[in-house]
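Worksheet: one structure, shown below.
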Amino acid sequence: MTSRSVSAQPSAKVAAQARGDASAVQEAPVEHRATKPGDVMEGMGRERFSNRELSWLEFSARLLELAEDPTVPLLERVKFLAIFSEGLDEFFEVRVAGLKDRVDAGLRGHSADGMRPNETLRAIAIRVRELVERQSRIFVGEMVPALADAGVRISDWSALDDDDREYLVDVFERQIFPVLTPLSVDPGHPFPYISNLSLNLILRVGDPLTGEERVARVKVPPLLPRFVVMPDGERFVPLEQVIAAHLGRLFGNMVIGEHYAFRVARNADLALEEDEADDLLVAVEMELRRRRFGRAVRLEVSSDMSADVRDMLLHELDLGPDDLFETEAPLDLGGLWKVHELDRPDLQEEPWAPMTPPALVNASSEPADLFVVLRERDVLVHHPYDSFTTSVEAFIAQAAVDPDVLAIKQTLYRTSGDSPIVASLIQAAEAGKQVAAVVELKARFDEQANIVWARALEEAGVHVVYGLVGLKTHSKAALVVRREDGGIRQYCHVGTGNYNPRTARLYEDMGLLSADRDLAADVGDLFNFLTGYSRAVHYRKLVVSPLSIRTRIVELIEQEAELGTEGRITVKVNGLTDPEIIDTFYRASEAGVPIDLMVRGLCCLRPGVPGLSETIRVRSIVGRFLEHSRIYRFGGTAHPLTLLMGSADLMERNLDRRIELLFPVTDSELQARLLEVLELDLADDTNSWLLGPDSKWSRVPTTAGVSVQRRLQELARDRVRRRLDPEVLDTSSA
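Numbering (my numbering), first residue to last: 4 to 737.
Structure (C-alpha cells):
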C-alpha cells in the first residue's frame, strides 16, 4: 500500500497531542488493529510513520547528548552546542514557519503520520522547550564549570575585577559604542522592526526630571564577535553584557531601569513564483530582501525577563505563548564557535590531515597526471579521509591549464567564499575553454553567496545557468572534455557532497573520478538537459531524479523482497521520510529481508514493529565528522551485488523536486571499499544510536569500542603506507 491510500483514522498519538501531552506523543503505543502479518501495515494506518518534524528534533537531542558526553573532548562538546543552536534557528526559520503558513491558510490536511499542522506545532513547542532547558543545563551547569577548570572562562560582567572592567570599558568606547543605535518607543517612535536572528536588549529608561518612563531597544551589532575576548585569549564575556553595563552612555542623564536580552526568529524560506519570473537571479535577489521582513515565528528571552516586558514583546511581534522560549544560558550559543576555535590541542580532537589517495601520486611522490590515472582505473575518494584538495580540486585545476582540455562543466550548489574550484573555472574560461556552470541560486541560506559567484563567473566568460524552474539542482557532477590521440574523451567526477573545500574537511562524503565512457556520456547528457532545452534522455548508468530514482529504488527493494530471507539491503542516507519508499521497505521486511538503514537525521520509518518491520534496524551515527554520504547496497548474497552512491536522500524533495543523481560502483576493488565502510558503520558502538519501534533513539552501548571515523582514518593512513611514503599528506588541510 502506498502513501496515497493510507488510513485516515485518528491515532492514539494524535489524541495524545490534542491533550498537549509531550511524553504521550512520543510513547503512544502501537495499536495492532490487525494480526495477520500481511495486514499489519494496513491496520496501523498512519501510525506506521513517525512525525517528520519531531524526528528532526530527536537528531538535535543526539547533538545535545554529545555535548554532555564527558568522553568527548571539551571543545568538541562546545562545537556540538553551537551546531544545536544554529540548527534550531534554521528549523524555526523554515519548518516551523512553513507549518504556521499552513495554519494561517486554513490547511488542515494530515501529514503522513496523521498529525495536522496545528497539532505538530503544539508538539514542537513542547519538545523544543525540553531541549532548550537541557541545552541551558548543559551550558550553565556542566560546560561553563568544565571550561573554567581547564582555564577557559566565560565570565559574567559581575564577576570581573576592576582591571578587567577597565579593559572592557576601553573596548566598548573604541569598538562597540560607535556602531550602536538606541531606539526608544513612544508616540513618535513606534516599536522598531526586529530583524531575523538579531540579538537585542530591551530596557526601561526614565527621565529623572519629568518622571516619564519609556521602553527602549538596543540591537547588539551582528558583525561584532558574539563574545568579547579578554587579553589572555582564554576568557570570554558575552557582548550583550558589555553593552548592558554601558547603557548609561547610550541614554545620557537618564535613569536606566530593568533590561533583558531577547532574540527573534523569522520566516526565512524563499517564496519564489518561478513560473512568473522573467529573470531568476533578480527574483531570488528580491526574495532575499523580503526574507528580512518575514513574519516572526519564535521569541527567545532570558529567563529573568519580567512578565509585562515578555507580554509586550509577544504582542508587538504578534506571537503567542507557545512561541516563547526562555533560557538561563546566553542567547545565540551559535557564537560558541569562537570558543571552539581556541588553540588548545589538549581540549580538542587530534588534528586530522586528509591523505592524498595513493593512486593520485606517482613513484616519486609527486602529483600524478590525473587523466593518465583515470584512463587506467576509476578512483574512489572518501572525504575527509582522502584529500579533497589533491583529488577533486586537482582534477578541475589540471583541466583548467591543460591545453588539450576543450570544455569543463560543473554543478555548484554550495561552495566556499574562496573556492579554488570556482577560481579554476574562471581561469579556464579566460584561457578560452568552453566552461559552463550550473549555479543553484535557490540553495537555502547560500543564495547570496551563489549570486556573487554567478556574477563573477559570468564576467569571466563562463556560461552560467541558474538551475531549472521548479527544481533545485542538487546533483554533484563535473565533466571535462579533452582532445586526445584517439579523438575526444570525457572525464567526470560524481559525488555525494558539495564542491566546498571547507565542508570537505568536516563532512563525510564520497565521490568517483572516472573516465568510464558510458558514465561520462551520461554526465554530458545531464548537463545538456540542465543547460539546454531538451526532454529527458535514457541514461546508460546514471539514475536521475525526478525521472527515475524513485522507481529504481522501489524496484531494487522489491527485487530483494522476492528473495525473502535470502535478500539483503543496506542503505546509508541523511534522511528517510518518503511514505512510498517506507512502505516498500515494510513490505520487504514482511517478506523477511534483513534491512539495515543508517539514517543520520530524519527518519519517519518505525523499525522493529511486530509483523511490520521486524527485520529492519535503523541506526544513526553522529560524531566528529558529519556523516553525509549516501550509499545504497542491494543483494550480494543470492544474486549479484548492486551498489549505488549519489546526492539523493530518500525524501520527497530529493525524489520529486530536485535534480539528483545516483551512480553505480562496479569495480570489484572499489566495491570492497564501500562494503567495508558499510560494515564499519554497522559495527560502530562509540557514536551510534538505535531507533526503536516507539520512535525513540537510544545510545548503542560501547562494548567493542569501534569508532567508524577513527578506523577510517587508520585505513586511509594504511593505504598510503602500503604504497607510498607515509608523509604524503594534504598539508593544506592540516
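Every residue gets a Cβ at the ideal spot worked out from N, C-alpha and C, and that includes glycine.
Around the beta carbon of V711, 16 or more other beta carbons sit within 10 angstroms, so the residue counts as buried. Assignment of alpha helix (DSSP H) within the region 39 to 104, counting only whole runs of 4 or more residues, yields 43 to 47, 55 to 70, 77 to 93 in chain order. A straight-line Cα-Cα distance of about 18 Å links L559 and S650. Rounded to the nearest whole angstrom, the CA to CA distance from N531 to H385 is 28 Å. Per DSSP, the continuous alpha helix (DSSP H) segment holding P582 begins and ends at 582 to 593. Per DSSP, the unbroken alpha helix (DSSP H) holding I552 starts and ends at 552 to 566. When the Cα atoms are used, A564 and G595 turn out to be separated by approximately 7 Å. Within its own chain, the residues whose Cβ lies closer than 7 Å to the Cβ of D581, once the five positions on either side in sequence are excluded, are L653, M654, E655, L658, listed in chain order. Around the beta carbon of H631, 16 or more other beta carbons sit within 10 angstroms, so the residue counts as buried.
With respect to the 7 Å criterion, V143 and A332 are classified as neighbours on the basis of their beta carbons. S671 and L320 have their C-alpha atoms roughly 60 Å apart.
In the DSSP assignment, L545 falls outside any alpha helix (DSSP H), carrying neither H nor E. In the assembly as shown, H477 is a buried residue. Its beta-carbon has 16 or more other beta-carbons within 10 Å. Sequence-distant Cβ neighbours of A299 in its own chain, meaning closer than 6 Å and more than five residues away, are V267, R269, L320, L322.
Between the region 585 to 605 and the region 620 to 627 there are three or more C-beta pairs closer than 8 Å, enough to call the two in contact. Between the alpha carbons of G117 and R49 lies a gap of roughly 5 Å.
The count of Cβ pairs closer than 8 Å, one atom from the region 64 to 84 and one from the region 248 to 266, stays below three, leaving the stretches out of contact. Counted as a single uninterrupted DSSP element, the alpha helix (DSSP H) harbouring I127 occupies residues 120 to 140.
Put simply, of D235, F398, W355, G109 the residue whose alpha carbon is nearest the alpha carbon of V375 is F398. Under the Cβ criterion (8 Å, minimum of three pairs), the region 483 to 502 does not count as touching the region 679 to 696.
Residue pairing by DSSP places M648 opposite I634, F666 in a beta bridge.
Per the DSSP secondary-structure output, A264 pairs in a beta bridge with L204. Of the candidates N501, D684, D152, R661, N501 places its Cα closest to the Cα of Q413. Proximity to V99 across A64, M146, L226, R55 peaks at R55, based on C-alpha coordinates. Counting the other Cβ atoms within 10 Å of the Cβ of Y196 gives fewer than 16, which makes it exposed. The C-beta distance from V364 to A356 rounds to 15 Å, too long to meet the 8 Å contact threshold. Taking 8 Å as the upper bound for CB-CB distance, E511 and P387 are in contact here, some 7 Å apart. Short of 7 Å from the beta carbon of E617, and not among the five residues preceding or following it, lie these beta carbons of its own chain, in chain order: S592, G611. For the pair of segments examined, the region 333 to 348 was found not to touch the region 58 to 74: the number of CB pairs separated by less than 8 Å stays below three. Rounded to the nearest whole angstrom, the C-alpha separation of D307 and P181 is 29 Å. Within the same chain, E237 come within 6 Å of G154 by CB-CB distance, once the 5 residues on both sides are set aside.
Under the DSSP definition of a beta bridge, P241 partners with F230. With contacts defined by Cβ atoms closer than 7 Å, S139 and C606 do not form a contacting pair. In the structure shown, the three-state DSSP call for G527 is helix. With contacts defined by Cβ atoms closer than 7 Å, L428 and V442 do not form a contacting pair. Where S691 is concerned, the enclosing beta strand (DSSP E) starts and stops at 691 to 694.
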